[in-house]
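In full-length UniProt numbering, the protein residues as written are 1 to 197.
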């Protein structure tokens, strides 16, 4: 039985918050197991629907706000990663605010960090107009897809993206806002107009 006065869980942190006190070891274990179970259910909820394509032999999961199919840790290649990012961008492009925009996806490279492969893609967005069919200003979005080889092959990829000039990392579960592209385009257009050629 843990002593109430001498318990490691009965401590004050520097900011004055009291940590949970446990009266018995059983109480501690029950709370620990309950929390571990809740965390496991959160992971399972984020896994997405698993499908296997008999023709290509690729396992995919539905991920993100738009529910597009993404390869899993065991089936990611540079090519199917490019196709998947392109499909995600088509979902963005289908939004009414971006119907006049065009995009192009490039595979930038592959990095290895321990047991993780990180595939990087650049998506160039622009708004061609009759006056400027070749846009003067573009907006870049960088996708980083991490495939962890210590995970089982059916586990989902870790997909994140960053807009140029920003440090905030977005994930697929975040709702995409077309305003993010417009803000960068407007800023770059204002800067472009200040240049004298």
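Just so it is clear, CB atoms sit at the ideal spot from N, CA and C, and this is done for glycine as well. Bear in mind that the values here come from a model prediction, so they are computed numbers and not experimental data.
Return the first residue and the last residue of the alpha helix (DSSP H) that residue i is part of.
i	result
residue 124	Note, residue 124: premise wrong, no alpha helix (DSSP H); beta strand (DSSP E) at 116-126.
Looking only at C-alpha atoms, which of the options sits nearest to residue i?
i	options	result
residue 89	125, 108, 75	125
residue 119	130, 129, 150, 107	107
residue 82	105, 68, 75	105
residue 71	146, 190, 111	146
residue 97	117, 167, 190, 183	183
residue 113	30, 28, 150, 25	150
residue 172	66, 152, 33	66
residue 136	93, 35, 186	186
residue 165	138, 153, 152	138
residue 117	127, 103, 131, 144	144
residue 130	153, 101, 155	101
Please classify residue i: does DSSP put it in a helix, a strand, or coil?
i	result
residue 99	coil
residue 169	coil
residue 139	strand
residue 1	The predicted position of residue 1 is uncertain, since its pLDDT is 44 and thus under 50; a value taken from the coordinates is nonetheless stated next. The answer is coil: DSSP assigns residue 1 none of H, G, I, E or B.
residue 81	helix
residue 174	coil
residue 107	strand
residue 240	With the chain running from 1 to 197 in the structure shown, residue 240 is simply not present.
residue 75	coil
residue 131	coil
residue 202	With the chain covering only 1 through 197, there is no way to say anything about residue 202.
In terms of residues, what are the limits of the beta strand (DSSP E) holding residue i?
i	result
residue 162	158-163
residue 71	68-71
To the nearest angstrom, how far is the alpha carbon of residue i from that of residue j?
i	j	result
residue 64	residue 170	11 Å
residue 73	residue 194	46 Å
residue 109	residue 121	7 Å
residue 140	residue 75	26 Å
residue 93	residue 78	22 Å
residue 99	residue 134	17 Å
- Task: Could you tell me whether the segment 178-193 touches the segment 150-161, where touching means 3 or more Cβ pairs closer than 8 Å?
- Result: Contact between the segment 178-193 and the segment 150-161 is absent, because fewer than three Cβ pairs lie under 8 Å.
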